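Participant:
Protein chains: 6
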Amino acid sequence: MSIKDFYEEKCIVTGRTTVPMMDSRYKGASTFFRCPMVESLDSCDIALVGVPFDGGVTNRPGARHGPREIRNASSMMRTIHHVTKFDPYSVRRIADVGDVTFSSVYDLEAVAEEIYDFYHALRMENVLPLSAGGDHSITYPILKGLYRDEPFGLVHIDAHTDTWGVHKGSKFHHGAPFRLATDAGLIDPERTIQIGIRGAQNTAEGWEYSLAKGMRVIFMEEFMELGVAGVLREISRVIDNRPAYVSFDVDALDPSFAPGTGTPEVGGISTREALQLLRGLRGLPLVGADVVEVAPPFDSSGNTALVGATLMYELLCLLSESGVKNLKE
Amino acid sequence: MSIKDFYEEKCIVTGRTTVPMMDSRYKGASTFFRCPMVESLDSCDIALVGVPFDGGVTNRPGARHGPREIRNASSMMRTIHHVTKFDPYSVRRIADVGDVTFSSVYDLEAVAEEIYDFYHALRMENVLPLSAGGDHSITYPILKGLYRDEPFGLVHIDAHTDTWGVHKGSKFHHGAPFRLATDAGLIDPERTIQIGIRGAQNTAEGWEYSLAKGMRVIFMEEFMELGVAGVLREISRVIDNRPAYVSFDVDALDPSFAPGTGTPEVGGISTREALQLLRGLRGLPLVGADVVEVAPPFDSSGNTALVGATLMYELLCLLSESGVKNLKE
Amino acid sequence: MSIKDFYEEKCIVTGRTTVPMMDSRYKGASTFFRCPMVESLDSCDIALVGVPFDGGVTNRPGARHGPREIRNASSMMRTIHHVTKFDPYSVRRIADVGDVTFSSVYDLEAVAEEIYDFYHALRMENVLPLSAGGDHSITYPILKGLYRDEPFGLVHIDAHTDTWGVHKGSKFHHGAPFRLATDAGLIDPERTIQIGIRGAQNTAEGWEYSLAKGMRVIFMEEFMELGVAGVLREISRVIDNRPAYVSFDVDALDPSFAPGTGTPEVGGISTREALQLLRGLRGLPLVGADVVEVAPPFDSSGNTALVGATLMYELLCLLSESGVKNLKE
Amino acid sequence: MSIKDFYEEKCIVTGRTTVPMMDSRYKGASTFFRCPMVESLDSCDIALVGVPFDGGVTNRPGARHGPREIRNASSMMRTIHHVTKFDPYSVRRIADVGDVTFSSVYDLEAVAEEIYDFYHALRMENVLPLSAGGDHSITYPILKGLYRDEPFGLVHIDAHTDTWGVHKGSKFHHGAPFRLATDAGLIDPERTIQIGIRGAQNTAEGWEYSLAKGMRVIFMEEFMELGVAGVLREISRVIDNRPAYVSFDVDALDPSFAPGTGTPEVGGISTREALQLLRGLRGLPLVGADVVEVAPPFDSSGNTALVGATLMYELLCLLSESGVKNLKE
Amino acid sequence: MSIKDFYEEKCIVTGRTTVPMMDSRYKGASTFFRCPMVESLDSCDIALVGVPFDGGVTNRPGARHGPREIRNASSMMRTIHHVTKFDPYSVRRIADVGDVTFSSVYDLEAVAEEIYDFYHALRMENVLPLSAGGDHSITYPILKGLYRDEPFGLVHIDAHTDTWGVHKGSKFHHGAPFRLATDAGLIDPERTIQIGIRGAQNTAEGWEYSLAKGMRVIFMEEFMELGVAGVLREISRVIDNRPAYVSFDVDALDPSFAPGTGTPEVGGISTREALQLLRGLRGLPLVGADVVEVAPPFDSSGNTALVGATLMYELLCLLSESGVKNLKE
Amino acid sequence: MSIKDFYEEKCIVTGRTTVPMMDSRYKGASTFFRCPMVESLDSCDIALVGVPFDGGVTNRPGARHGPREIRNASSMMRTIHHVTKFDPYSVRRIADVGDVTFSSVYDLEAVAEEIYDFYHALRMENVLPLSAGGDHSITYPILKGLYRDEPFGLVHIDAHTDTWGVHKGSKFHHGAPFRLATDAGLIDPERTIQIGIRGAQNTAEGWEYSLAKGMRVIFMEEFMELGVAGVLREISRVIDNRPAYVSFDVDALDPSFAPGTGTPEVGGISTREALQLLRGLRGLPLVGADVVEVAPPFDSSGNTALVGATLMYELLCLLSESGVKNLKE
C-alpha cells in the first residue's frame with residue numbers, strides 16, 4: 135500500500151474518497167491529526183497513543199480527559215511544516231492506535247503494568263510511539279515498555295523535576311516518574327536534561343535527587359539567561375546524539391499559554407520558545423515522545439489542547455524525520 | 135457476525151478485546167455513542183451521521199461544530215434505557231458512518247445536493263439514519279434523500295416553524311426547510327406537527343404558511359396548556375401511525391437547558407418534557423430523525439452537547455425498536 | 135413623520151435605507167432593540183433608558199454593565215409578539231434615549247438626584263420610560279421623577295422585598311428602594327405586590343416592613359401554590375386597574391435562568407412563568423417599567439442579558455399597548 | 135459561652151467585634167457559612183466537614199475541589215430561613231471543623247479508613263456532622279463512622295442508585311457506597327428510599343440490587359407522577375420517624391441547575407423541588423447529612439457550588455431543629 | 135463646526151452636554167471608540183466601519199460578530215496616545231458610519247459587490263476608512279473600492295499569506311484576498327510585505343504564490359531573528375513611502391493574546407511587538423486599514439476584542455496623523 | 135513557641151497534627167498561603183491582610199472579591215523559593231489576620247478612615263503588612279497608617295500613574311492614591327518610581343503630576359528598552375536603600391497574564407519580567423507591600439488570582455528576608 139493510499143478514506147455511504155487530514159477541519163470524528171485507525175500494526179510506522187489516566191496527580195485532576203481534547207484540537211493541525219517544509223505523512227505511515235485500556239484504574243501499580251504491556255507490544259513491533267497523557271506518572275511505564283538494552287537519554291521539559299519520592303502513600307504518582315526511571319535504569323541521568331524547572335517546593339528533595347544523580351537541570355532563570363540557542367547546545371551535549379526520549383509536560387509553559395493543567399507555575403516557557411526548542415532537536419535519534427498533563431477541565435479557552443496538539447505535531451515531525459532507524463519500511 | 139461481535143473492538147497493540155461503549159467514558163476517540171465505524175453498510179442497520187454545515191444560518195453560526203461535540207458528549211451515554219429497559223445495541227447494528235463530505239461549502243444548493251446524495255445512498259441500502267446537525271437547512275435535503283413513494287409525516291420540535299421564504303437572497307437557509315419540503319411534496323403538511331413555537335418575528339409569514347398548509351402548530355403557550363400528554367395525543371392523531379420523520383431543533387428547549395444554539399428563544403420546553411415527548415413516540419414507524427442547531431461556540435457549559443447526545447440516544451431507542459420494518463436483519 | 139419613517143435608517147455612505155431592527159441581528163451598533171437614537175423627545179412616545187449604576191449594591195457589583203449588555207442582547211429580539219401578534223413599533227415611536235449621565239458616581243444621594251432629574255424631564259415631556267439597570271437602588275429616584283399627583287401602584291418581581299433600612303451607613307442602597315418610595319409617598323403600599331420573595335435573611339426587618347405597611351407579599355412558596363394564574367388574580371386585585379409601575383429584578387428568576395446577577399437565590403421563578411406573568415399585566419395603565427440587576431460579569435453564558443432583553447420586550451409591548459393614555463400622538 | 139458569643143469574632147488588629155456571617159458576604163476567608171473554626175469539639179453541636187476526595191470516581195474527577203468551592207459559595211447564605219423563620223445559629227453552636235486529612239490518597243481502602251476515623255470521633259463526641267464531598271464513595275465510611283446500634287434509615291437523592299458492584303478492580307468506588315453500607319448492615323434497605331434515579335446504564339445490576347434488597351426506588355418518571363408531596367409521603371412511610379441519614383448527590387438535579395458534577399444526567403430534579411423535598415423532611419430524627427459530587431472544574435457558572443451551599447443550609451436547618459436528641463446542650 | 139463640537143453630545147432628555155468618549159467607559163450604547171454616528175459624510179474625515187461577514191471562512195465561523203464586540207471593547211480606549219501624546223480626535227472628525235448592509239449573505243460574490251459599493255462611495259467622498267471585520271475575505275472588495283490609479287502597497291500582518299486559490303468551490307474565501315487583489319492589480323506585490331506567517335499547510339501553494347509574485351514574506355522565525363526594528367526596516371524599504379493599506383489579521387498574534395479567532399496558530403506575535411510594529415508605521419501615507427478575524431464566540435476572556443480595539447486605536451492614530459493628504463479640512 | 139509549632143494545626147476531631155501549607159493543596163478552608171489565623175498579633179511578624187473594597191473604581195468593579203480568590207489560589211503556593219532556596223516560614227511567623235472590616239462602604243472617606251485604623255494598629259505592633267486588594271484606592275490609607283517619621287520610597291508597578299485628580303466628584307478614587315500620598319507627605323516623590331505605565335488617557339494630568347513632582351516614571355516603552363536589569367538599576371538608584379513600600383497593580387501585567395482586572399491595558403509586563411523585578415528588590419528595607427486590582431469576575435481562567443498569589447509569595451519572601459528590622463523576634 136502506498137503512503138497515499140494509507141491516508142485515504144472511502145466513505146462507506148457514497149464511496150467518495152477523501153484524505154481526512156486535508157478536508158475541512160471541523161469535519162469527522164476526531165482521531166489524532168485525523169490519522170487513520172488501522173487494523174494492524176503491520177501497516178504502521180508511528181503510533182499515536184492516548185493514555186487517559188490521571189490517578190497519579192497530587193493536586194488537580196483532569197488529565198484523563200487530555201487525549202480526547204488533544205485529538206479534538208489536533209484537527210486544527212495540517213501537514214507540511216512551515217519552517218522545514220517537511221511533511222511527515224509523506225514518508226511515514228502514522229496511525230491513531232487508540233488509548234491504553236485499563237482493567238484496573240484505582241491501583242497505580244496495576245495501571246503502570248497495563249501501560250507497560252501496551253508500550254512493550256509497540257516496541258516488539260518496532261513502532262515508534264507518540265503519546266498524549268494523562269498525568270506524568272504514565273511516562274515511567276512507557277519508558278519501561280520501550281527499554282531495550284541500555285538506558286535512554288531524556289529531554290524533559292517541565293516546571294518540575296518529577297524526581298520526588300513517596301507522596302501520600304505511593305511512589306507511582308506524577309511527581310516521581312524520572313526518579314523511578316533512574317532507579318530502574320531506564321534512563322541515564324547523565325544523559326538527562328530537565329528544562330524549565332521552577333516554582334516553590336515544600337522540600338528540596340526532588341531538585342537534590344536530580345542534581346545528585348548527575349542530571350542537567352536548567353531552572354527557568356538559567357533558561358532565560360542561556361536563551362533557546364544556549365539550551366539547545368546543552369541538550370546536544372547531554373544527549374550526545376544517542377537514543378533519547380522526549381517528555382513534554384505542558385506545565386513547563388507559562389499558564390498564559392497552557393492554563394489547562396494540574397499544577398501551573400507562573401513564569402514559564404513561551405510557546406515560541408517551546409517550538410524553537412523542539413525544532414532544535416531535529417536529527418536526534420528519538421525512541422518516542424509524549425505530551426502530558428493537558429487537563430481540559432481547567433482549559434476554559436481551549437488553548438492548552440491546541441498547544442498540546444501543536445507540540446505533538448512538532449514531535450511527530452521529529453520522529454518521522456529522524457526517529458530511531460529500526461522502523462520497518 | 136453476532137451483534138455482540140459487532141460492538142467488540144480488538145486493540146491492535148495488545149490484542150485485548152473491549153466493547154468501547156461499555157468502557158471508561160473518557161477513553162478513546164469519540165464516535166457517536168462510541169459505536170464502531172464500519173467498512174461497509176452491509177453490516178449496519180442504523181447509521182449515525184454528522185452533517186457539519188451551518189452556512190444556512192440567518193444569525194449566529196457555529197452548528198458546523200455540532201457533530202463533533204455531540205460525538206464527544208455522547209460518550210456520556212450508556213446502553214440500557216432506564217425507563218423501558220430496552221438496549222438498542224442488543225438488537226440493531228448501529229454504526230457511526232462519519233460526516234457528509236462537502237466539495238463545495240459556499241453554495242447552499244450544491245451543499246443540499248451533496249447531502250441529498252448521501253441520504254439517498256443510505257435509503258438505497260435500507261439503513262435508517264439518525265443525524266446530528268448542522269443547522270436546520272440540512273433537513274430538507276435529508277428528507278429529499280429519504281423520500282420513497284409518498285410524503286412523510288413530520289414531528290417537528292422547534293421554536294420556529296422554519297417555513298419562511300427567501301432570506302437575504304436564498305430560499306435554502308435554516309428558516310425554510312419545511313416550506314421547501316412541503317412545496318416539494320416530501321412531507322405531508324396535514325401529517326406535520328410543529329411543537330414549541332415561540333419568539334417574536336418580523337413578519338408572520340412562516341406562521342401563516344404553516345397554518346395555511348394545514349400543519350398542526352403548537353405554540354409554546356398551547357404546549358403548556360395541553361401538557362406533554364395532550365401534545366402526545368395530538369402527535370398521535372396527526373401522524374396517524376404512518377411513516378414519519380422526527381426533527382428536533384435544540385432551540386425548542388429553553389436556553390437554560392440549551393444555550394449553545396444560534397437563535398435561542400427564552401421560555402422554551404424543558405428537557406424533562408422533551409424526554410417525555412420522545413418516549414411518547416414509541417411505536418411510531420419512523421424513517422429517520424435528526425437533532426440540529428447545537429452550536430458549540432455558544433455552549434460554554436457544554437450542556438447543549440450533552441442534551442443533544444441524550445436526545446439522540448432517545449431517538450436511537452425509537453429507531454431501533456420501531457423504525458420502519460424494511461431493515462435487513 | 136410616519137411610524138414607518140421613524141424606524142427607517144439611511145446609510146450615510148451608500149444612501150441605502152434599512153429598518154435596523156428588521157436586518158441581520160448581528161449587524162450594527164447596539165441600541166435597545168436596534169431602535170433609533172433621536173434628536174428630540176418630541177418625536178418619541180416611549181423612551182428606552184439605561185441607568186448604568188451599581189454603587190448601591192451590598193454584595194457583588196457589576197450591574198453598571200447591564201444596560202450595554204442588554205442592548206447587545208436585545209438585537210436578538212424581533213417585532214411581532216408571537217402570542218398577541220401585536221407589534222409595538224407599528225403604533226409607538228420608541229427610541230433609545232441613551233443612559234443617564236452621572237457627574238458624581240461615588241455619592242449615592244447625588245446619583246439619585248441625577249436619576250431623578252432625568253426621569254422628571256421625561257415625565258414633563260409625557261414620554262413613558264422603560265429602563266435597564268443598574269442595581270435596584272435606581273428605582274427609587276425613577277419613581278420620584280415620574281411621580282405626579284398620587285402614589286403609584288407597584289408590581290414588584292424580585293427575590294427580595296427591598297424594603298430594608300440603613301446598610302453599612304446608607305439608606306440609598308439596592309435593598310431599600312421600596313421602603314424609601316413608601317416613606318416618600320411615591321408608591322401606595324396597599325397597591326403594592328411583591329412576587330417571588332425568598333432566600334434567608336439576617337434580620338426579618340424588610341419582610342416585616344412590607345407586611346406592616348400592607349404590601350401584598352407573595353413568597354416563592356405561595357407563588358408555587360397559587361400558580362401564575364392565581365398570582366395574576368392577586369395582582370389585578372391589588373393594582374385595581376389604576377396607574378402602576380412594574381419593577382423586575384432578574385434575581386426573581388432562578389439562577390439557572392439568570393446567573394448574571396449580584397444576589398442570586400436558588401429556587402426562583404422560571405422564565406416561562408415570568409413571561410406569563412408579564413403577559414397577564416396586559417391592559418394595566420402602566421406609567422413605566424424597569425428591568426434591573428443584570429450583572430454581566432457573572433453572566434458567563436450570556437443568558438441573563440438575553441432574558442433581560444426578552445423581559446424588556448414584553449414590557450415594551452405592555453407599555454405600547456396600554457401605557458397610561460397621556461401620550462402625545 | 136452564649137450562642138451569641140460563639141459566633142462573634144474579634145479582629146486581632148483593631149479589636150472590633152463582628153459576626154462574620156452577618157457581615158458583607160465578600161469579606162473574609164471562607165469557612166462553611168462563615169462559621170467559626172473552633173479549638174475543641176466541646177463547644178460544638180454540629181460539625182461542618184469537608185471531605186476533599188474524588189479518587190473513587192468512574193468518570194470525570196474534580197469533586198475533591200468541592201468543599202473549598204462550597205465554602206466559598208456558602209458566604210452567599212444568610213441566617214433566618216424565609217419559610218420557617220427558623221435560625222439555626224440561634225439554637226446550635228455550629229462550627230467548621232475543617233477537612234478530613236488523608237495520609238494516603240491513592241488507596242481507596244486506606245482513604246475509607248481515614249474517613250471512618252474522623253466520623254467515628256465525631257460520633258463519640260455526640261456532634262452531628264453535615265458534610266460536603268468529595269465523590270459519593272465517602273458516604274460509606276461516613277455511615278460506618280456514625281453507626282451505633284442499628285442500621286440507619288436513608289434518604290438518598292441521586293440520579294444513580296450507587297448500589298453497583300466492583301468497577302475496574304475496586305468495590306470502593308463512587309457507584310457503590312449503598313451496596314457496601316447495606317452489606318455491612320449500616321443502613322436498613324427497607325428503610326432506604328432512593329429518589330431521582332435515571333439515566334441509561336450498561337447493566338441493570340445496581341437497579342436490581344436496590345430492588346432485591348427492598349429499597350424504595352423512585353425513578354425520575356415516578357417522581358414526576360407523584361410530585362414532591364407524594365414523594366414526601368413515601369419518605370415518611372419508609373423512614374418511619376426513626377434515625378436516618380440524608381445523602382444528596384447533586385447529580386440528582388438537572389444539569390441546568392448543577393452542571394458541575396462528574397456524571398450529569400439530563401432530565402433531573404429542579405432546585406425548587408429539591409428545596410421542597412428537604413423542607414418536607416422537617417422533624418425527622420436525622421443523624422447526619424451530606425452533599426456530594428460538586429465538581430467545580432465543570433461548574434463554569436458557579437451555580438453548582440451555590441446550589442450545594444443552599445442545600446447544605448437547608449440540611450443545617452433540619453439538623454439544628456430536629457437532629458437526633460443526644461446533643462450536649 | 136469645530137472639532138470640539140463634533141464630539142459633543144447633548145442629552146435629549148436633560149439637555150446636558152457630554153463628550154461620550156471622555157465619560158464613564160461603561161456608559162452608553164457602543165459605537166467605535168464612542169465616536170458620533172453622523173448624518174452625512176460631509177462632516178467626517180475618517181470613517182469607522184464594521185463589516186459583519188464571515189461567510190468566507192474555511193474553518194471556524196464567528197467573525198460576523200466581530201464589529202459589535204470590538205465596538206463594545208473600544209469603549210475601553212481613550213484619546214491621548216501615551217507614547218506620542220497625539221490625540222486623533224483633536225485634528226480629525228472621526229465617525230462611526232455603521233456596518234456595511236448586505237442584501238445577500240449567502241453568495242460570496244454578491245457580498246463582495248456590496249462591500250465594494252460601500253468603500254467606493256467612501257473613496258468618492260475622500261473619507262479614509264478604518265474597518266473591523268468580519269473574516270479576511272472582506273479586504274479584497276475593500277481594496278477594490280478604494281482603488282484609484284495605481285496599486286497600493288500593503289502591510290499585511292497575519293499568520294497566513296491569504297494568497298491561496300479556490301477552496302471548496304470558491305475563490306472568494308478568507309484565504310484568498312491578496313491573491314485576488316494581486317491578480318486584479320489592486321495591490322503591488324513588490325510593495326507588499328506579509329508578516330508573521332506560520333503554521334503548517336496542506337499545500338505550499340499560497341506561500342509559493344506570494345514568493346513568485348515578489349511579495350516580501352516574513353515568516354515568524356525570521357520575525358524573531360530580525361526583531362521589530364528589523365521588520366520595520368523591511369516595511370519601510372518595501373512600502374517606499376508611497377500609498378499603502380494596512381491589514382491586520384488578529385491570528386498573526388499568538389492565541390494567548392487573541393484566542394478569539396477562527397484559525398489560531400500557536401507561536402505568534404505578541405501584542406507588545408504588534409503595537410511597536412504599528413507605531414513604526416507612523417508617517418506612511420496610508421489609504422485605509424482594517425483589523426479582521428476577531429471571532430467573539432471563541433473569545434471567552436474577551437481579550438481578543440480588547441486587543442482588536444487597541445490595534446484599531448493605533449491605526450486610527452496613524453490614519454489621523456499621516457493618512458493620505460486628500461482629506462477635506 | 136517555635137516557628138515549627140506556629141504553623142502546625144491540630145485537627146479538633148482526630149487530634150492529628152498537620153502543617154496545612156504542606157498538605158494537599160485542595161484541602162481545607164483557604165487562608166492566604168494556608169497560614170494560620172492567630173489569636174493575637176503578639177505571635178505574628180508579618181500580617182497577610184485582605185482589603186475587600188472596590189468602591190473607588192472608575193470603570194469595572196469586582197476587586198472586592200480579590201482577597202477571597204487570591205486566598206483560594208494561594209493554596210497553590212509552596213514554601214521554599216526555587217531561586218533563592220529561602221523559606222519565609224522558617225524564619226518568620228506569618229499569619230492571615232483577616233480582612234479589614236467596614237462599617238461604612240458607600241463613603242470613600244469613611245472607608246479610607248477604617249483602612250487607616252487597621253494599618254495604624256498593625257504599625258503600632260510592629261507587624262509588617264502584605265495586603266491583597268481591593269482597588270488601588272486602598273493604598274493611600276494603608277500608607278497613611280504605616281507612616282512614621284518620614285516619607286517612604288515607593289516602588290509602584292502599574293499601567294497607570296494613579297496620580298490623577300478629582301474624578302466624578304471624589305479625589306479618593308483608584309486613580310489617585312499616589313497623588314494623595316504625595317500631597318500628604320506620605321511618600322517622597324523623588325524616591326518614587328512608577329513602572330509599566332501605558333495606555334491612552336483623556337488628559338495628561340496624571341502623567342504630568344508625576345513628572346512635575348519628580349517621580350521616576352518608566353513608561354512601557356522605556357521598560358522594554360532598559361530591560362529588567364536596567365529597570366532594577368533605576369529602582370536601586372531611586373529608592374536609595376531606604377525604607378520603601380511596594381505596590382503592585384496587576385494591570386501592570388499584560389492582560390494575557392492578568393485578564394481579571396478593571397482597567398486592562400494591552401501591551402504590558404510579562405509575569406517573567408514581574409518575577410525578575412520583584413526578586414531584584416531583594417535586600418531593600420521594605421515597610422510593606424500590596425497586590426491590588428485582582429477582579430475575579432473578569433478572570434474567567436483564574437490565572438489572575440494565581441498570578442496575584444504568586445506575586446504575593448515573592449513579596450512575602452522579600453518582607454521576610456529583608457523587611458525593616460524592627461520586628462519583634
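Protein chains in written order, with my numbering: chain A, 135 to 463; chain B, 135 to 463; chain C, 135 to 463; chain D, 135 to 463; chain E, 135 to 463; chain F, 135 to 463.
Don't be surprised by glycine CBs; every beta carbon is placed ideally from N, CA and C.
It should be emphasised that the depicted structure is a prediction, and the values quoted were computed from it without experimental measurement.
Across which residues does DSSP place Pro263 (chain E) in a beta bridge pair?
Facilitator: Looking up residue 263 (chain E) in the fifth sequence gives position 129. Bridge partners of Pro263 (chain E): E:Ala181.
Participant: Go ahead and pull the three-state DSSP assignment for Pro195 (chain A).
Facilitator: Taking the first residue of the first sequence as position 1, residue 195 (chain A) is located at position 61. It is coil, neither helix nor strand.
Participant: To be precise: take each residue of the stretch 238-262 of chain D, compare its Cβ to all Cβ atoms of chain A, and keep it if any distance is under 7 Å. Which residues remain?
Facilitator: Cβ contacts with chain A come from Ser238, Val239, Tyr240, Asp241, Leu242, Ala244.
Participant: Phe166 (chain C): which of C:Glu455, C:Gly442, C:Val458 sits nearest, CA to CA?
Facilitator: Taking the third sequence and counting its residues from 1, one reaches residue 166 (chain C) at position 32. Looking at the Cα atoms, C:Gly442 is the closest of the given residues.
Participant: Where does the unbroken alpha helix (DSSP H) through Gly417 (chain B) begin, and where does it stop?
Facilitator: Taking the second sequence and counting its residues from 1, one reaches residue 417 (chain B) at position 283. Element bounds for Gly417 (chain B): n/a, residue is neither H nor E.
Participant: Can you pull the DSSP bridge partners for Gly287 (chain C)?
Facilitator: As a position in the third sequence, residue 287 (chain C) is number 153, starting the count at 1. DSSP, once it has assigned bridges, lists C:Ala378 as partnering Gly287 (chain C).
Participant: On the criterion of 16 or more Cβ atoms from any shown chain inside 10 Å, does Glu463 (chain E) qualify as buried, or is it exposed?
Facilitator: Here residue 463 (chain E) corresponds to residue number 329 of the fifth sequence, with the count starting at 1. The predicted position of Glu463 (chain E) is uncertain, since its pLDDT is 45 and thus under 50; no value can be drawn from it.
Participant: If I follow the unbroken alpha helix (DSSP H) through Thr273 (chain F), where does it start and stop?
Facilitator: By 1-based counting over the sixth sequence, the position of residue 273 (chain F) is 139. Looking at the DSSP string, the run of the alpha helix (DSSP H) that includes Thr273 (chain F) is 273-280.
Participant: With a cut-off of 8 Å, do at least 3 Cβ pairs link the stretch 288-304 of chain B to the stretch 194-207 of chain B?
Facilitator: No contact exists between the stretch 288-304 of chain B and the stretch 194-207 of chain B.
Participant: Counting contacts by CB-CB distance shorter than 8 Å, is Glu463 (chain E) in contact with chain B?
Facilitator: Translated into positions along the fifth sequence, residue 463 (chain E) becomes position 329. For Glu463 (chain E), the predicted model reports a pLDDT of 45, less than 50, meaning its position is unreliable; a value from the coordinates is still stated below. So, not an interface residue.
Participant: Determine the closest residue to Ser304 (chain B) out of E:Gly348, E:Asp433, E:Ala318, E:Ala244, with distance taken between C-alpha atoms.
Facilitator: The sequence position of residue 304 (chain B) within the second sequence is 170, counting from 1. Closest option to Ser304 (chain B), Cα to Cα, is E:Ala244.
Participant: The stretch 187-213 of chain F: which residues have C-beta closer than 7 Å to a C-beta of chain A, in chain order?
Facilitator: So the close ones are Met211, Arg212, Thr213.
Participant: Along chain F, which residues have their Cβ under 7 Å away from the Cβ of Tyr160 (chain D)?
Facilitator: Counting from 1 along the fourth sequence, the entry for residue 160 (chain D) is found at position 26. In chain order: Pro186, Arg198, His199, Arg202.
Participant: Would you say Ala163 (chain F) lies against chain D (beta-carbon separation less than 8 Å)?
Facilitator: In the sixth sequence, residue 163 (chain F) corresponds to position 29, counting from 1. Chain D, which has a Cβ nearer than 8 Å to the Cβ of Ala163 (chain F), makes this yes.
Participant: Are the C-beta atoms of Phe353 (chain C) and some chain D residue less than 8 Å apart?
Facilitator: The count along the third sequence starts at 1 and reaches residue 353 (chain C) at position 219. So yes, Phe353 (chain C) belongs to the interface.
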